[in-house]
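Just so you know, we're using this note's numbering here: the first sequence kicks off at 3 and counts up by one.
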Amino acid sequence: MMEEQARMMQALSGVTLAGHSVQGGMGLPPPHGHEGTDGDGRKQDIGDILHQIMTITDQSLDEAQAKKHGLNCHRMKPALFSVLCEIKEKTGLSIRGAQEEDPPDPQLMRLDNMLLAEGVSGPEKGGGSAAAAAAAAAAGGGADNSIEHSDYRAKLTQIRQIYHTELEKYEQACNEFTTHVMNLLREQSRTRPISPKEIERMVGIIHRKFSSIQMQLKQSTCEAVMILRSRFLDARRKRRNFSKQATEILNEYFYSHLSNPYPSEEAKEELAKKCSITVSQVSNWFGNKRIRYKKNIGKFQEEANLYAAKTAVTATHAVAAAIQNSQANSPTTPNSGFQMKDEEFQLDSAESKNSLLTNMFTGSSASFNLPNSGDMFMSMQSLNGASYQGAQVGANVQSQGDTIRHAINQTTGYSDRLRHPLYSPHGLNGNGGWHDAPTPTSVTSPNEGPGSVHSDTSN
DNA sequence: TTTTATGATTCGTA
DNA sequence: TACGAATCATAAAA
Numbered sequence: 003m004m005e006e007q008a009r010m011m012q013a014l015s016g017v018t019l020a021g022h023s024v025q026g027g028m029g030l031p032p033p034h035g036h037e038g039t040d041g042d043g044r045k046q047d048i049g050d051i052l053h054q055i056m057t058i059t060d061q062s063l064d065e066a067q068a069k070k071h072g073l074n075c076h077r078m079k080p081a082l083f084s085v086l087c088e089i090k091e092k093t094g095l096s097i098r099g100a101q102e103e104d105p106p107d108p109q110l111m112r113l114d115n116m117l118l119a120e121g122v123s124g125p126e127k128g129g130g131s132a133a134a135a136a137a138a139a140a141a142g143g144g145a146d147n148s149i150e151h152s153d154y155r156a157k158l159t160q161i162r163q164i165y166h167t168e169l170e171k172y173e174q175a176c177n178e179f180t181t182h183v184m185n186l187l188r189e190q191s192r193t194r195p196i197s198p199k200e201i202e203r204m205v206g207i208i209h210r211k212f213s214s215i216q217m218q219l220k221q222s223t224c225e226a227v228m229i230l231r232s233r234f235l236d237a238r239r240k241r242r243n244f245s246k247q248a249t250e251i252l253n254e255y256f257y258s259h260l261s262n263p264y265p266s267e268e269a270k271e272e273l274a275k276k277c278s279i280t281v282s283q284v285s286n287w288f289g290n291k292r293i294r295y296k297k298n299i300g301k302f303q304e305e306a307n308l309y310a311a312k313t314a315v316t317a318t319h320a321v322a323a324a325i326q327n328s329q330a331n332s333p334t335t336p337n338s339g340f341q342m343k344d345e346e347f348q349l350d351s352a353e354s355k356n357s358l359l360t361n362m363f364t365g366s367s368a369s370f371n372l373p374n375s376g377d378m379f380m381s382m383q384s385l386n387g388a389s390y391q392g393a394q395v396g397a398n399v400q401s402q403g404d405t406i407r408h409a410i411n412q413t414t415g416y417s418d419r420l421r422h423p424l425y426s427p428h429g430l431n432g433n434g435g436w437h438d439a440p441t442p443t444s445v446t447s448p449n450e451g452p453g454s455v456h457s458d459t460s461n
């Protein structure tokens, strides 16, 4: 300590060397009573001032205050202050120079980006709605989708509010503290060498400190958002079985399009709408269903028969209505809308018998090319243990004219249903894959009335 | 508690 | 990019 003082005094006694010629250089009048005297006198004067400064702490407060005032008014004060500042600057800058640069913190940038993306920072309007929508979409499910969506948004808004309140608090505190420190330093600069540059630097340090606190706030906000998101993603992973009705609709479509269980995009949309699920859930369902069906056809046989009977009964009713309708109308009703070729129909009808046998005997996907020797009607009865009116549909249809077939197509919407009264894996090829088949473009429930649109059968 | 069913995800492929 | 296959995770049944 004493060494430092001595060194400083030594440095200051050579102020002229530092470029501040006390004699005229700064326009200062020479020390009183020593006008025109030599350098020894000036040194003596400066040494005296420095001594007073160094010993000021040893004195009582009043004494020190008085001395301080005296020193402030001393004519050498500005020069001395300037020199001290310069020395301080020189030593200080070399130390802090490296810290002066403020490279953008990558972590802070990441946090900022995330907060912006999540809608926590950035514009208020619709804040987070995109993220919320994404999370809600990922959550899947229809009915409670909107509930989850709004729940997510409410929580996000809460986080956003807390974030902004805290941020505002920090900024306010930062400003207050900065102002306070600046005032303090300005005040102190009257008695000790503090240059404006140094004050500026101090402000920078304060801001950095506060921004590190802000980063903590941003980090915890991000964490909160992540937790919120993960909770919604968990909700997605928390599987919920589809409703019985939805499963039925999907199964009906699957087994009635067993030859080609690949619903088109339109069909998927329609199914999704009917089942109150998303299109991707429909895709998932069909993906799972196809693979699980193929893996163990035997296991699904009962289910297949069930849906076959179900849809066939519906189809029968529809056909009966259609026949009645056609009979009620003139027998000369033109078959303007029917486009399916008669040969095709015959062929499909025969194929259905084959597939029926396949179901009965094997359940294997590769063996549907059994001899065409089965009796559809009998098979149905033996399999289901119940009379199967729908089995007669094929015969009826074959015996009726195009008008009726047209009516059937219009009524049921499922050409496959008629072709395969008992749904079978006839569409599976020997390699375990489904044959290429035209993709149906529309979905129609067998429960639907005749007014429905059946684009997949009208071409 | 164990097993089965089922919706979702991931990854490789054509 | 849609699909198959494998797998995960959880609901539901045994």
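Just so you know, even glycine gets a beta-carbon here, dropped at the ideal spot from N, CA and C.
What you are looking at is a predicted structure, and each value in this text was computed from that prediction instead of being measured.
Would a C-beta distance cut-off of 8 angstroms place I55 and M78 closer than the cut-off?
-> Numbered from its first residue, the first sequence carries residue 55 at position 53. Numbered from its first residue, the first sequence carries residue 78 at position 76. No, they are not a contact pair.
Around the Cβ of Q218, are there at least 16 other Cβ atoms within 10 angstroms (buried) or fewer (exposed)?
-> Sequence index remark: in the first sequence, residue 218 carries index 216 (1-based). It counts as exposed.
Residue ranges of each beta strand (DSSP E) within the segment 214-282, 3 or longer | If one requires a minimum length of 3 residues, no beta strand (DSSP E) run lies completely within the segment 214-282.
Cβ neighbour criterion (16 or more within 10 Å) applied to N243 = The sequence position of residue 243 within the first sequence is 241, counting from 1. N243 is exposed by the Cβ-count criterion.
Sequence-distant residues of the same chain with beta carbon closer than 7 angstroms to R292, five excluded per side | Numbered from its first residue, the first sequence carries residue 292 at position 290. In the same chain as R292, and ignoring 5 residues on each side of it, the C-beta atoms closer than 7 angstroms to its own belong to P263, in chain order.
Taking the Cβ atom as the reference point for each residue, do L86 and P195 lie within a distance shorter than 8 angstroms?
-> For this step, residue 86 is matched to residue 84 along the first sequence. For this step, residue 195 is matched to residue 193 along the first sequence. Closer than 8 angstroms, so yes.
Can you list, in chain order, the residues of its chain whose CB lies under 6 angstroms from that of K90, leaving out five sequence neighbours each side?
-> Within the first sequence, numbered from 1, the residue matching residue 90 stands at position 88. P195.
Which residues mark the beginning and the end of the alpha helix (DSSP H) in which N74 is found?
-> As a first step, residue 74 is located in the first sequence; it is residue number 72 there, counting from the start. If you look at N74, you'll find it in the alpha helix (DSSP H) that goes 63-74.
How about the segment 160-177 and the segment 108-123: do they share at least three Cβ pairs that are nearer than 8 angstroms?
-> These segments touch.
For the candidate residues L63, N253, K312, L52, whose alpha-carbon lies nearest to that of F1?
-> No information on residue 1 is available, as it lies outside the stretch 3 to 461 that the chain covers here.
M78: first and last residue of the uninterrupted alpha helix (DSSP H) it sits in = On the first sequence, residue 78 is found 76 positions in, with the first residue counted as 1. No alpha helix (DSSP H) contains M78, which DSSP labels as neither H nor E.
Excluding the five sequence neighbours on either side, which residues of its own chain have a C-beta within less than 8 angstroms of the C-beta of A68, listed in chain order?
-> On the first sequence, residue 68 is found 66 positions in, with the first residue counted as 1. Nothing listed; no residue qualifies.
Count the other C-beta atoms from every protein chain shown that fall within 10 angstroms of the C-beta of N307, then say buried if there are 16 or more, exposed otherwise.
-> Mapped onto the first sequence, residue 307 falls at position 305. Its Cβ being crowded by 16 or more others within 10 Å, N307 is buried.
With a threshold of 16 other CB atoms inside 10 Å of the CB of R112, please say whether the residue is buried or exposed.
-> As a working mapping, residue 112 is identified with position 110 in the first sequence. Exposed, by the Cβ-count rule.
Determine the contact status of K296 and S285, defining contact as a CB-CB distance below 8 angstroms.
-> Looking up residue 296 in the first sequence gives position 294. Looking up residue 285 in the first sequence gives position 283. Against a cut-off of 8 angstroms, the Cβ pair of S285 and K296 comes out as no contact.
Stretch pair the segment 180-191 + the segment 203-216: three plus CB contacts closer than 8 angstroms = Contact between the segment 180-191 and the segment 203-216 is present: three or more C-beta pairs spanning the two stretches fall below 8 angstroms.
C-alpha gap between K70 and R188, whole angstroms | In the first sequence, residue 70 corresponds to position 68, counting from 1. In the first sequence, residue 188 corresponds to position 186, counting from 1. Just so you know, the alpha carbons of K70 and R188 end up roughly 16 angstroms apart.
Could you check where the alpha helix (DSSP H) with R194 kicks off and where it finishes?
-> By 1-based counting over the first sequence, the position of residue 194 is 192. Careful: R194 lies outside any alpha helix (DSSP H) and carries neither H nor E.
Near I208, what residues of its chain come up, given a Cβ to Cβ distance below 8 angstroms and the 5 sequence neighbours on each side ignored?
-> Looking up residue 208 in the first sequence gives position 206. Leaving aside the five residues that flank I208 on each side, the residues in its chain whose CB is nearer than 8 angstroms to its CB run, in chain order, C176, F179, T180, V183.
Do Q216 and Y172 come within 8 angstroms of each other at the CB atom, strictly closer than that value?
-> Start at 1 with the first residue of the first sequence, and residue 172 comes out as number 170. Start at 1 with the first residue of the first sequence, and residue 216 comes out as number 214. Yes.
How long is the line joining the alpha carbons of L158 and A310, rounded to whole angstroms?
-> Here residue 158 corresponds to residue number 156 of the first sequence, with the count starting at 1. Here residue 310 corresponds to residue number 308 of the first sequence, with the count starting at 1. Their Cα atoms are separated by approximately 49 angstroms.
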